[in-house]
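Residue numbers (my numbering): 6 to 623. Glycine residues also receive a C-beta, built at the ideal position from the N, C-alpha and C atoms. Report on the following structure.
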Amino acid sequence: MEDYGEDLNANQHCRATGDATLDKAIYQWITWDKNPRTRAQIEALLGDGNLEELRRRLCARMAFGTAGLRATVGAGFALINDLTIIQSTQGMYKYLDKCFPDVGTRGIVIGYDTRGQEASGCSSQRLAKLTAAVMLCKDVPVYLFSTYVPTPFVPYAVKKLRAAAGVMITASHNPKEDNGYKVYWENGAQICAPHDKEVIRCIEESLEPWAESWNENLSDSSPLRKDPLEDISRCYMEELASLCFHRELNSRTPLKFVHSAFHGVGHNYVQMAFREFGFSPPIPVPEQMLPDPEFPTVSCPNPEEGESVLDLSFRLAENKGARIVLATDPDADRLAVAEICDNRWRVFTGNELAALLGWWMLLNWKDQHPDAAETDKVYMLATTVSSKVLQAFAQIEGFHFEETLPGFKWIGNKIHELEKKGKVVLFAFEESIGFMCGSMVPDKDGVSAAVVVAEMVSYLNDKNLTLSQQLENIYEIYGLHISRTSYVICYDSPTIKRIFSGLRNWGGKEGYPDSCGGYKITHIRDVTTGYDSSQPNHKCVLPVMKSSQMVTFTFQNGLVATLRTSGTEPKIKYYAEIRAPPGNRDGSSLKEELLKVTGTLVEEFLEPDKNNLVRRSV
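Following this line, the structure appears as structure tokens:
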């Protein structure tokens, strides 16, 4: 290895550390980074002799998770910043150039949210313009939105414009310190294997920035840059109208809706969607209506957290006489829904909303396709950690249900596969409040979901039903499905590896636990290793995911529980569901059993106190 110590000493800001690998990384960073704020962060750490933090930031790189590249914003190859976005895009260009001889005519779509970090000088808009600069300097046309857009607009635009790929700069619902780089392929789905691994390989071959890659203003002057905002907004709203089935009823509904944009991009687009469906616009939560990267009114910008982050919405709804609250996350690809029942707010889980939306989409499909034979080409999809309520629908109604690995990238690619065979994907979801109604966007979409929910509420209200009452009706027909989803936080990767290794070597012996809290475990599925005891050959039907941890336990009482690491946050998530046959309306004993098993599972298998895990604060 070359000796970078002398070069570092020649730089007045740097000194050799005695660690050749770290010295090389520091030299590269100081040489390549043209952002004075992030370069100064590395120089300050070097000046303080903080070698541990330098190694953490400089001696590792980001990998594609369930939502692309996502990390804290700051200096270092392991974080999101100007330099790592440029490197990622240079790798993207190299891979696209290999895959698409016509990338120079098809181009790519680039969108961004409203995040920004003053300390690093890195806003989503700046990172998007640097992404554009890399492509433009290689004569690749760029469709760069002139303002912030919902994440689903990027995959929609990729398909509509027949672009080779798309990039969205967003960290969705993550803490304000984070940002991300989400990549879409020509089919509008997020990239997965083998493309993700190949892009990473190309990134590692393209680390030194090209001179023009730093030209942030290139997109302002290049004839190869186009702004798709007006056309895509118009086409999206026109196509969204295909999901509207009761416009006249919508126009006369007495109901009021409150919408929170969570300081993100959703306000204008949800307003437009409501107008497209014939509704009066929803009442916006004024304190959360406009973009603000500090997310000042919420403890975390994730509407999935429920009541703890929806207080402003509830107060406004009560003041305005609105029965329904809709909340889109900061990049408007997810949706939370709450309904006031008996003077108390009920926040629906993602699984409960999926039951309602699945029922609604099927109801309207059947109205428009009275020939029962047509139902055979209909599919609904869900991730494997989500409720199996759609499977129960399929068994009774005669359509098809399939599950995928966690993350909408798997759903999006499954949609592409099914549509090539002439199938219709009517609805798809993941339990973390991500919904896809219809298949105009092969990704979760909070804007379309918001207005579809509003129409469903309007329809039910006309029949003197609430969402909660209709959910009970669904369970009566298809069986009660009770689920629990939560998480613990773990910032230490070795601890996570030790926990899951312990599950695979239970009691110090090779093999998995056979019981938990007195409840017998009948089957184990380990997607990380590819093992599934329920299959004749003991091999997983789902693809193996060696890069993440995920183990599923099926209990003798029918309860199914999964432990997995998050692909976007430092969390170990757990998911559990227990089901009852149709007609069984007494869920209290099932819920009690569910809580008991999941509580024991967390204590025995994760051992939060021993492993210094941070429990979810409610």
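Using 8 Å as the threshold, is the C-beta distance between CYS442 and LEU362 below it?
By 1-based counting over the sequence shown, the position of residue 442 is 437. By 1-based counting over the sequence shown, the position of residue 362 is 357. Yes; because the gap between Cβ atoms is below 8 Å, this pair is in contact.
Taking only beta-carbon positions, decide if ALA168 is within less than 8 Å of chain C.
No chain C appears in the structure shown, which is made up of a single protein chain.
Among LYS371, ALA322, ASN356 and ALA359, whose alpha-carbon lies nearest the alpha-carbon of ASN348?
Indexing the sequence shown from 1 puts residue 348 at position 343. ASN348 has its Cα closest to that of ALA322, out of LYS371, ALA322, ASN356 and ALA359.
Kindly indicate which three-state DSSP category ASN356 falls into: helix, strand or coil?
Taking the first residue of the sequence shown as 1, we reach residue 356 at position 351. Of the three classes helix, strand and coil, the one that applies to ASN356 here is helix, per DSSP.
In angstroms, rounded to a whole number, what distance separates the CA positions of GLU11 and TRP190?
For the purposes of this step, residue 11 is taken as residue 6 along the sequence shown, with counting starting at 1. For the purposes of this step, residue 190 is taken as residue 185 along the sequence shown, with counting starting at 1. Confidence in GLU11 is poor, its pLDDT being 41 and thus under 50, which makes the residue's placement unreliable; the coordinate value appears in the next sentence. Cα to Cα, GLU11 sits roughly 44 Å from TRP190.
Do three or more CB pairs link the region 398 to 412 to the region 378 to 388 at distances below 8 Å?
Yes: at least three Cβ pairs fall under 8 Å.
Classify PRO228 as helix, strand or coil using the three-state DSSP reduction.
Mapped onto the sequence shown, residue 228 falls at position 223. Coil, per DSSP.
Give me the DSSP bridge partner(s) of GLY412.
Translated into positions along the sequence shown, residue 412 becomes position 407. BP columns for GLY412 are empty, so no partner.
Whose C-beta lies closer than 8 Å to the C-beta of TYR9 among residues of the same chain, with five residues either side of it excluded?
Here residue 9 is taken as the residue at index 4 of the sequence shown, counted from 1. Because TYR9 carries a pLDDT of 43, less than 50, the predicted location of this residue cannot be relied on, and the following value inherits that uncertainty. Cβ neighbours of TYR9 beyond the five flanking positions: ALA21, ALA25, ASP28, LYS29, ILE31 and TYR32.
According to DSSP, is ASP531 helix, strand or coil?
Position 526 of the sequence shown holds residue 531. Strand.
Around the Cβ of ASN307, are there at least 16 other Cβ atoms within 10 angstroms (buried) or fewer (exposed)?
Here residue 307 refers to the residue found at position 302 when the sequence shown is read from its first residue. Looking at its Cβ environment, which holds 16 or more other Cβ atoms inside 10 Å, ASN307 is buried.
Are three or more beta carbon pairs between the region 224 to 242 and the region 272 to 283 nearer than 8 Å?
yes
Would you grab the beta carbon distance between TYR517 and ILE529 for me? Rounded to a whole angstrom, and I think it's under 8 Å.
The count along the sequence shown starts at 1 and reaches residue 517 at position 512. The count along the sequence shown starts at 1 and reaches residue 529 at position 524. Rounded to the nearest angstrom, the Cβ distance from TYR517 to ILE529 is 5 Å, consistent with a contact under 8 Å.
Helix or strand or just coil, what does DSSP make of VAL446?
Within the sequence shown, residue 446 is the residue found at index 441, counting from 1. VAL446: coil per DSSP, three-state reduction.
Would you kindly report the start and end of the unbroken beta strand (DSSP E) that includes SER491?
By one-based count along the sequence shown, residue 491 stands at place 486. Unbroken beta strand (DSSP E) run through SER491: 486 to 494.
Going by C-alpha to C-alpha distance, which of GLU244, GLU299, ALA387 and ASP336 sits closest to MET173?
Working through the sequence shown from its first residue, we reach residue 173 at position 168. Minimum Cα distance to MET173 is reached at ASP336.
Among LEU245, LEU248, ARG620 and THR527, whose alpha-carbon lies nearest the alpha-carbon of VAL607?
By 1-based counting over the sequence shown, the position of residue 607 is 602. Among LEU245, LEU248, ARG620 and THR527, the Cα nearest to that of VAL607 is on ARG620.
Excluding the 5 residues flanking ARG351 on each side, which residues of the same chain have their C-beta closer than 7 Å to its C-beta?
Within the sequence shown, residue 351 is the residue found at index 346, counting from 1. Within the same chain, ARG351 has close Cβ partners ALA343, GLU344 and SER473.
Which term fits ASN222, buried or exposed, when burial requires 16 or more other beta carbons within 10 angstroms of its beta carbon?
Working through the sequence shown from its first residue, we reach residue 222 at position 217. The Cβ neighbour count for ASN222, taken over all protein chains shown within 10 Å, is under 16; the residue is labelled exposed.
What is the rounded straight-line gap between the Cα of GLY126 and the Cα of TRP370?
Residue mapping note: residue 126 aligns to position 121 of the sequence shown, counting from 1. Residue mapping note: residue 370 aligns to position 365 of the sequence shown, counting from 1. GLY126 and TRP370: Cα-Cα distance of roughly 49 Å.
Suppose you measure from the CA of GLY81 to the CA of ILE90; what does that come to, to the nearest Å?
Against the sequence shown, residue 81 aligns to sequence position 76. Against the sequence shown, residue 90 aligns to sequence position 85. C-alpha separation (whole angstroms): 11 Å.
Where does the unbroken alpha helix (DSSP H) through TYR117 begin, and where does it stop?
Within the sequence shown, residue 117 is the residue found at index 112, counting from 1. Segment 113 to 117 is the beta strand (DSSP E) holding TYR117; no alpha helix (DSSP H) there.
Does the beta-carbon of HIS264 have 16 or more other beta-carbons within 10 angstroms, so that it is buried, or is it exposed?
Within the sequence shown, the letter at position 259 stands for residue 264. Its Cβ being crowded by 16 or more others within 10 Å, HIS264 is buried.
Which value, in whole angstroms, describes the spacing of the CA atoms of ARG3 and GLU58?
This structure gives no information on residue 3, because the portion of the chain shown stretches from 6 to 623.
Going by alpha carbons, who is nearest to LEU132 out of ASN418, LYS428, ALA45 and THR94?
Within the sequence shown, numbered from 1, the residue matching residue 132 stands at position 127. Considering only alpha carbons, the answer is THR94.
Please state whether DSSP places PRO155 in a helix, a strand or coil.
The residue you call residue 155 lines up with position 150 of the sequence shown. Looking at PRO155 - three-state DSSP - the assignment turns out to be coil, as it is neither helix nor strand.
Can you say whether ARG62 is buried or exposed, counting buried as having 16 or more other CB atoms within 10 angstroms of its CB?
By one-based count along the sequence shown, residue 62 stands at place 57. Looking at its Cβ environment, which holds 16 or more other Cβ atoms inside 10 Å, ARG62 is buried.
Tell me which residue opens and which closes the alpha helix (DSSP H) that ALA25 is part of.
As a first step, residue 25 must be located in the sequence shown, where it is residue number 20. Where ALA25 is concerned, the enclosing alpha helix (DSSP H) stretches over 25 to 37.
Closest to ALA83 by CA distance: which of ASN184, GLU123 and LYS99 is it?
Translated into the one-based positions of the sequence shown, residue 83 becomes position 78. Closest option to ALA83, judged by alpha-carbon separation, among ASN184, GLU123 and LYS99: ASN184.
Determine which residues share a DSSP beta bridge with ASP537 and list them.
The count along the sequence shown starts at 1 and reaches residue 537 at position 532. BP columns for ASP537 point to ARG530.
Using the C-alpha atoms, what's the distance from ARG320 back to MET550?
In the sequence shown, counting from the first residue as 1, residue 550 sits at position 545. In the sequence shown, counting from the first residue as 1, residue 320 sits at position 315. Each residue's Cα considered, the two are about 44 Å apart.
Mapping DSSP to helix, strand and coil, what is VAL607?
Your numbering for residue 607 matches position 602 in the sequence shown. VAL607: helix per DSSP, three-state reduction.
Alpha carbon to alpha carbon, how far is THR156 from ALA162? Give it in angstroms, no decimals.
Within the sequence shown, numbered from 1, the residue matching residue 162 stands at position 157. Within the sequence shown, numbered from 1, the residue matching residue 156 stands at position 151. One C-alpha to the other measures close to 10 Å.
Using CA atoms only, rank isn't needed, just tell me which of GLU182, PRO180 and ALA168 is closest to VAL188.
The residue you call residue 188 lines up with position 183 of the sequence shown. Of the candidates GLU182, PRO180 and ALA168, the one whose C-alpha sits nearest the C-alpha of VAL188 is ALA168.
When you compare the CB positions of GLY109 and VAL139, do they come within less than 8 Å of one another, or not?
In the sequence shown, the residue the question calls residue 109 occupies position 104. In the sequence shown, the residue the question calls residue 139 occupies position 134. Going by C-beta atoms, GLY109 is not nearer than 8 Å to VAL139.
What residue from GLY79, GLU244, GLY269 and GLY23 has the CA that sits closest to ALA45's CA?
Here residue 45 refers to the residue found at position 40 of the sequence shown. For ALA45, the nearest C-alpha among the options comes from GLY79.
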